[in-house]
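2 protein chains.
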Amino acid sequence: MARPLLHDETLRRRLLDTAASRIAHDGAASVSLRSIAAAAGTSTTAVYSLFGGKAELLTAVLDDGFASFAASQQQAAAGGLEALGRAYRRWALDHPALYGLMFGGSLAGQVPCQPTPGAAEPSIAPLFAAVAAALPGASDDEIASMVGVVWGQVHGLVSLELTGAPAAGWSWDAAYDAALGQIGRSLGR
Amino acid sequence: MARPLLHDETLRRRLLDTAASRIAHDGAASVSLRSIAAAAGTSTTAVYSLFGGKAELLTAVLDDGFASFAASQQQAAAGGLEALGRAYRRWALDHPALYGLMFGGSLAGQVPCQPTPGAAEPSIAPLFAAVAAALPGASDDEIASMVGVVWGQVHGLVSLELTGAPAAGWSWDAAYDAALGQIGRSLGR
DNA sequence: CCACGTTACGTAACAGTGTTATGCAATACT
DNA sequence: AGTATTGCATAACACTGTTACGTAACGTGG
Numbered sequence: 001m002a003r004p005l006l007h008d009e010t011l012r013r014r015l016l017d018t019a020a021s022r023i024a025h026d027g028a029a030s031v032s033l034r035s036i037a038a039a040a041g042t043s044t045t046a047v048y049s050l051f052g053g054k055a056e057l058l059t060a061v062l063d064d065g066f067a068s069f070a071a072s073q074q075q076a077a078a079g080g081l082e083a084l085g086r087a088y089r090r091w092a093l094d095h096p097a098l099y100g101l102m103f104g105g106s107l108a109g110q111v112p113c114q115p116t117p118g119a120a121e122p123s124i125a126p127l128f129a130a131v132a133a134a135l136p137g138a139s140d141d142e143i144a145s146m147v148g149v150v151w152g153q154v155h156g157l158v159s160l161e162l163t164g165a166p167a168a169g170w171s172w173d174a175a176y177d178a179a180l181g182q183i184g185r186s187l188g189r
Numbered sequence: 001m002a003r004p005l006l007h008d009e010t011l012r013r014r015l016l017d018t019a020a021s022r023i024a025h026d027g028a029a030s031v032s033l034r035s036i037a038a039a040a041g042t043s044t045t046a047v048y049s050l051f052g053g054k055a056e057l058l059t060a061v062l063d064d065g066f067a068s069f070a071a072s073q074q075q076a077a078a079g080g081l082e083a084l085g086r087a088y089r090r091w092a093l094d095h096p097a098l099y100g101l102m103f104g105g106s107l108a109g110q111v112p113c114q115p116t117p118g119a120a121e122p123s124i125a126p127l128f129a130a131v132a133a134a135l136p137g138a139s140d141d142e143i144a145s146m147v148g149v150v151w152g153q154v155h156g157l158v159s160l161e162l163t164g165a166p167a168a169g170w171s172w173d174a175a176y177d178a179a180l181g182q183i184g185r186s187l188g189r
């Protein structure tokens, strides 16, 4: 009997890359499976063989995004809380479509894909460590709550900026500076 | 010559209401124009006559949502900053699909509708007033930045909670309490 | 070395989507 | 009453994700 042929890894990567670049260029909304397959020089059924469907392909793109995001956070970890915050915003502004998929997709209820459980954890691990270092005597619950507060603050400002929210009267730069300053003050005390 | 017949207002409202309830029930993603029209007892072309298309119908639903949200905020304005924050979260948790459309739809790049310019302003006006009252001597820029910070904090926590983000180790209740407490402390000082 | 069972994936069909051309009944003014 | 004009139902169109089918390529047992 015959042994099953392994999935073609180069085609898989090519599909992933063209999907990612097409999403980054046109937004996840208007990207069709057919256009991805055609741009990758294959047919739609290849996606079904290699991933299972459009949702799984998007999930794979999204997991790649989480990996890149986590790497960016870990690289900034040495600089402390403020560096983490600035790297967070920079990555999001550099990958707006990916960030939207990662954190806003299921919010809008539009994309039928959600990150693999646990995919986001390496991304916030550096933040956890930084908060724990800044609050030496705090309990685990206090630290965890503070992580939620800081993450919420940073994510909120970034996602409002990305949606093109009005920003009536302020600049996102200034608001972000003020938020980071306030976080530093309330944690550094 | 004949005078044009005014648009049928009852059909317009029925379409708006069934669209809103269907969005609240199934999420904005999986709601089709055909299903809305059928549930309203009419045909898809009625939507084109009355609104112009699906995007405009969604925009109308979304503007209704902003009106309801602004009313909720204005009602809570008397209670100060903390009441505003709690009303913000309560409204969002009560209308998750609408909140996602209002603030996360364009983030995900999935919904081709965006709020009418200026529709969000009445919603944050009470927050503006409360921040200005809490910082009597502050400049306009400082007040505006602070509004951005507070809005970002509240929106970030609420939207993370709505996306079903991991919340590894903390409860959203506790994080929200901590955030509101911190806002009160940094503004009340 | 070669047939064979298994797989990768192109072709073509299907159901469902938003949108649009066509046509008819209802309307309000002359 | 007659008529120009509108509201909206019917049906077609282009497009989407998904799936049955068929074919070419492959690794292995003989």
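For the protein sequence lines, the chains are H and D, in the order given.
Residue numbers for the first sequence follow full-length UniProt numbering, so the first one is 1 and each next one is one higher.
Residue numbers for the second sequence follow full-length UniProt numbering, so the first one is 1 and each next one is one higher.
Built from N, CA and C at the ideal position, the CB exists for glycine as well.
Source: prediction; values computed, not measured.
CB contact check: residue i to chain H, cutoff 8 angstroms
i, result
"GLU121(D)", "yes"
"PRO166(D)", "yes"
"VAL131(D)", "no"
"ALA160(D)", "A quick correction: the sequence has Leu, not Ala, at residue 160(D). Answer yes: the Cβ-Cβ gap between LEU160(D) and chain H drops below 8 angstroms somewhere."
"LEU157(D)", "yes"
"GLN182(D)", "yes"
"GLY148(D)", "yes"
Chain D contact residues for residue i, given Cβ-Cβ distances below 9 angstroms
i, result
"PHE66(H)", "What PHE66(H) touches in chain D: nothing, since even the nearest Cβ is about 12 angstroms away."
"ASP17(H)", "Chain D residues near ASP17(H): none, gap ~19 angstroms exceeds 9 angstroms."
Backbone secondary structure at residue i - three-state DSSP
i, result
"TRP151(H)", "helix"
"MET1(D)", "Low confidence applies to MET1(D): its pLDDT is 36, below 50, so where it sits in the model is not reliable, and the reading given next is rough at best. Coil, per DSSP."
"THR163(H)", "coil"
"PHE51(H)", "coil"
"VAL61(H)", "helix"
"HIS95(D)", "coil"
"TRP170(D)", "coil"
"PRO136(D)", "coil"
"SER68(D)", "helix"
"SER32(D)", "coil"
"THR44(H)", "helix"
"GLN114(D)", "coil"
"GLY27(D)", "coil"
"ALA20(D)", "helix"
"ALA119(D)", "coil"
Contact check, residue i vs residue j, beta carbons under 8 angstroms
i, j, result
"ALA144(D)", "PRO166(H)", "no"
"THR116(H)", "THR59(H)", "yes"
"ALA130(H)", "ALA87(H)", "no"
"TRP172(D)", "VAL147(H)", "no"
"LEU162(D)", "TYR176(D)", "no"
"ALA179(H)", "GLN153(H)", "yes"
"HIS95(D)", "GLY65(D)", "yes"
"PRO122(D)", "ALA70(D)", "yes"
"SER92(D)", "ALA28(D)", "First, the residue type needs correcting, since residue 92(D) is Ala and not Ser in the sequence shown. No, Cβ-Cβ distance for ALA92(D) and ALA28(D) is not below 8 angstroms."
"LEU160(H)", "HIS155(D)", "yes"
"LEU16(D)", "VAL61(D)", "yes"
"THR45(D)", "ARG34(D)", "no"
"GLY164(H)", "LEU81(H)", "no"
"VAL150(D)", "GLN182(H)", "no"
"LEU187(D)", "ALA134(D)", "yes"
beta-carbon residue i near the ligand FMN non-hydrogen atom, thresh 7 angstroms
i, result
"GLY79(D)", "Judged by which ligands are present, the structure shown has none, so any question about the ligand FMN falls away."
Residue-level contact to chain D via CB, residue i, 8 angstroms cutoff
i, result
"VAL61(H)", "no"
"ALA2(H)", "Annotation note: pLDDT 38 at ALA2(H) (below 50); position unreliable, coordinate value reported separately. It does not; no Cβ of chain D falls within 8 angstroms."
"PHE69(H)", "no"
"GLY152(H)", "yes"
"SER72(H)", "no"
"SER186(H)", "yes"
"GLY137(H)", "no"
Proximal chain D residues relative to residue i, where beta-carbon distance stays under 7 angstroms
i, result
"SER49(H)", "Neighbours of SER49(H) on chain D: none; closest Cβ ~26 angstroms, over 7 angstroms."
Chain-ordered neighbours of residue i on chain H, where CB pairs are closer than 7 angstroms
i, result
"SER145(D)", "TRP170, ALA174, ALA175, ALA178"
| Chain-ordered residues of the region 24 to 40 of chain D with a beta carbon less than 7 angstroms from chain H | Answer in chain order: GLY27, ALA28, ALA29.
| task | Compile a chain-ordered list of the residues in the region 75 to 105 of chain D whose CB is closer than 7 angstroms to at least one CB of chain H. | result | So the list reads ALA97, GLY100, LEU101, PHE103, GLY104, GLY105, given in the order they occur along the chain.
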